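For reference, the structure discussed in these notes is given below.
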Amino acid sequence: MNYIKTKIIAVFLLIVIIIVVLFTSVLNKKHDRYVMFFKNSITGKIDTEIRYVPLQNIMEPEAAFFEELMLGPVNHHCYSFIRAGSKLLSCFVKEGVLYADLPVAFVEDIKQELDSDEIKFLLQKNIFTNCKDLKAAHIFVEGIEIYELLKK
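Per our numbering, the sequence shown starts with residue 244, numbered consecutively.
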């Protein structure tokens, strides 16, 4: 009889521990999940990447997402928006609008295979898929506006 009680108590404790772990893992969000879209240089199709980025309280989540997007694709067969090693000049959100200032390298790297219209489409798709609260995005190069992206 004692053996059965011990077994029941052990199973009950195990279930309680599992429930507590599940609730704490759901409530304590440690990562932001982003779906990013890049054009594949071989197939010419749009590839998706899933990224889990640790949360940080230094800047707005939308600005952090845009900085992550500018790091480029993990897949080396996909085109990057900006050459490796280039840094954003500024990126911030004000009243639901993202403002991003890119270096001149952004314009210099526009290729025939990935033209300005495709870049605009991909930026719009990336930004508004991952940042639901944004109403618009203004993309600048060295202070000159090149894209005004509006949520559809």
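Backbone N, C-alpha and C define an ideal beta-carbon position, used for all residues, glycine too. All figures in this text were calculated on a predicted structure; none of them were measured in a lab.
**Study point:** For P304, the first and last residue of its enclosing alpha helix (DSSP H)
**Key:** P304 to M313
Practice item. Check the Cβ-Cβ distances between D360 and every residue of chain C, and say whether any is below 7 angstroms. Key: In summary, chain C is missing from the structure at hand, where a single protein chain is found.
Exercise for review: In angstroms with no decimal places, state the Cα-to-Cα distance between F308 and K378.
Suggested key: 15 angstroms
Point to revise | Rounded straight-line distance, which links the Cα of A348 to that of G328 | key: 10 angstroms
Practice item. Leaving out five residues on either side along the sequence, give the residues of the same chain with a beta carbon under 8 angstroms from the beta carbon of I353. Key: S359 and I362
Check your understanding: So R326 and E311 are in contact, right, with Cβ under 8 angstroms, and what is the actual spacing, rounded?
Key -> Wrong, their Cβ atoms sit about 16 angstroms apart, outside the cutoff.
Practice item. Determine the extent of the alpha helix (DSSP H) in which I370 is found, giving its start and end residues. Key: S359 to N373
Point to revise | Cβ-Cβ separation, P297 to H274 (assumed contact under 8 angstroms), whole Å | key: 6 angstroms
Check your understanding: Within 10 angstroms of its Cβ, does N373 collect 16 or more other Cβ (buried), or is it exposed?
Key -> buried
Point to revise | Same chain, Cβ closer than 6 angstroms to I370, five either side skipped, listed in chain order | key: A380
Exercise for review: Leaving out five residues on either side along the sequence, give the residues of the same chain with a beta carbon under 6 angstroms from the beta carbon of V384.
Suggested key: L345, F349 and V350
Point to revise | Buried versus exposed call for K282 [16 or more other C-beta atoms within 10 Å across all chains shown] | key: buried
Exercise for review: Check whether the Cβ atoms of K368 and F280 sit closer than 7 angstroms, and answer yes or no.
Suggested key: yes
Check your understanding: If we call anything under 7 angstroms between Cβ atoms a contact, is I382 one with A343?
Key -> yes
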